[in-house]
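Numbering (my numbering), first residue to last: 47 to 517. Even glycine gets a Cβ: it sits at the ideal position worked out from N, Cα and C.
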């Protein structure tokens, strides 16, 4: 019998194995941990490669450094000397309007404008849209005990429909690939609810923050605060590669798909694998999407499985395209751009990968990382690779003046990979965590619960190790 069985070899599962092993060693114990991954590689959606001298990211490309669990993991793996910050000259983002890419007005923090003058000068919004946005200065705050509100409803109420369609939806969509009409503001961006309650107006709240020393970066921000993001030289997969290497003394198995999980009379678990073999464990960590955990738990935890299955997920395609610099007529200095859904394009966002992080491409090469799909355009993922690349190229020709064909294009699809924090998400997660605690020896780790980023999963891994620490 193994002490702990971890099902899922993405960042959540590997980080949990690392923290559990660290905890056991601190007690002078030799850990008995088995990690099973159904696929042929470790890392889940974290995947990097090198093609024609270009470092490609096929999943996430950054870690936010203000969430400490992620940085602790990097430090404990000895990778802190390999951290790379975003290039200072590229720390701004753009939003598409028609065939133009327009800078996010200075002082914007995701949804909240910190300064009115940059908005008044920006062509992103019409004059009626700008005036409606300015009404935020006069509107009353919503009652603190009012029913939960979607991100779309909140932005419409405070800033107007045009601000939602042209600014909030594409910027937030770049993070969650979500439908703002369903997205829970409280579960994703509760800081804006706090701003409204404390200052009544989002604009007044941002102005107050900009006067504080800690808010100086917010005041100068243009869209996402790129200065807060880091990566690893050579690609983010170095993180999961380092974890797998550090855990080589454990029982790590690739190509090991679990088809069933049963509860034993002794409160342990039996996992049945696709090859017909079985593993018995005292404890089990289900590390991965909630919709994969649900059927494994359904035979002995029906209500918990139902809550897990109710968390929706969206898929996304990541397409890396390399060009000679002279093939792109209009390439601004920026980290990238987002595209409002109202534009009706295939592309939902694009990173200028060679500008965002230095040293990623040979001289004279431009590397674009385009995204398609998400909750608002799921049908795009049904396109074959050639059709998807052709449609993205058509958008890039309009927006960047791209001519000719790319030197290469790589397509990676991540179906049902992005958890959607819809209305009621916080209550659902409370019910899930209560159901988890009711089954001794069970732990759930994944992006469907308390955050979608690498640091959020690192924090969940720490929480499992702390909960299972003896005494």
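For residue 210, the closest of 171, 368, 230 by C-alpha to C-alpha distance is 171. The beta carbons of residue 319 and residue 303 sit closer together than 9 Å. Within the same chain, Cβ atoms closer than 7 Å to the Cβ of residue 454 are found at 97, 98, 368, the five residues on either side in sequence being excluded.
Assigned with DSSP and collapsed to three states, residue 339 falls in helix. Per DSSP, residue 276 is not a residue of any alpha helix (DSSP H); the beta strand (DSSP E) it occupies stretches across 275 to 278.
For the pair residue 482 and residue 420, the Cα-to-Cα distance works out to about 29 Å. Residue 116 and residue 89 do not touch by the CB rule: their CB atoms are close to 15 Å apart, not below 8 Å. Residue 414 is a Cβ neighbour of residue 399, given a cutoff of 9 Å. Excluding five sequence positions before and after residue 242, the CB atoms of its chain that fall closer than 8 Å to its own CB belong to 187, 188, 204, 248, 251, given in chain order. Residues of the same chain with a CB within less than 6 Å of the CB of residue 77, apart from the 5 flanking positions on each side, are 67, 70 in chain order. Sorting 113, 337, 165 by C-alpha distance to the C-alpha of residue 465 places 337 at the top.
Distance from the Cα of residue 100 is smallest, within the candidate group 404, 175, 119, 109, for 404. The DSSP-derived three-state label of residue 498 is coil. Note on geometry: alpha-carbon atoms of residue 517 and residue 175 lie some 59 Å from one another.
Within the same chain, and ignoring the five residues on either side of residue 53 in sequence, the residues whose Cβ sits closer than 6 Å to its Cβ are 82, 304, 332. In the structure shown, residue 346 adopts coil according to DSSP, grouped into three states.
A contact between stretches requires three or more CB pairs, one per stretch, nearer than 8 Å, and the segment 363 to 378 meets this requirement with the segment 444 to 453. In this structure, residue 141 lies near residue 213, with their beta-carbon atoms less than 9 Å apart. In the structure shown, residue 461 adopts extended strand secondary structure according to DSSP, grouped into three states.
Contact check for residue 143 against residue 389 passes: the beta carbons are separated by less than 9 Å. Residue 226 and residue 284 have their C-alpha atoms spaced approximately 33 Å apart.
Scanning its chain for C-beta atoms nearer than 7 Å, with the 5 sequence neighbours on each side dropped, one finds around residue 503 the residues 57, 58, 61, 491, 493, in chain order. The Cβ atoms of residue 215 and residue 198 lie closer than 9 Å to each other. Taking a cut-off of 8 Å on C-beta distances, the segment 334 to 353 touches the segment 470 to 489, as three or more cross pairs fall below it. With respect to the C-alpha of residue 194, the residue from 499, 155, 156, 234 having the closest C-alpha is 234. Secondary structure note for residue 256: its alpha helix (DSSP H) is the uninterrupted segment 248 to 256. Counting along the chain, no beta strand (DSSP E) covers residue 188, and no H or E run does either.
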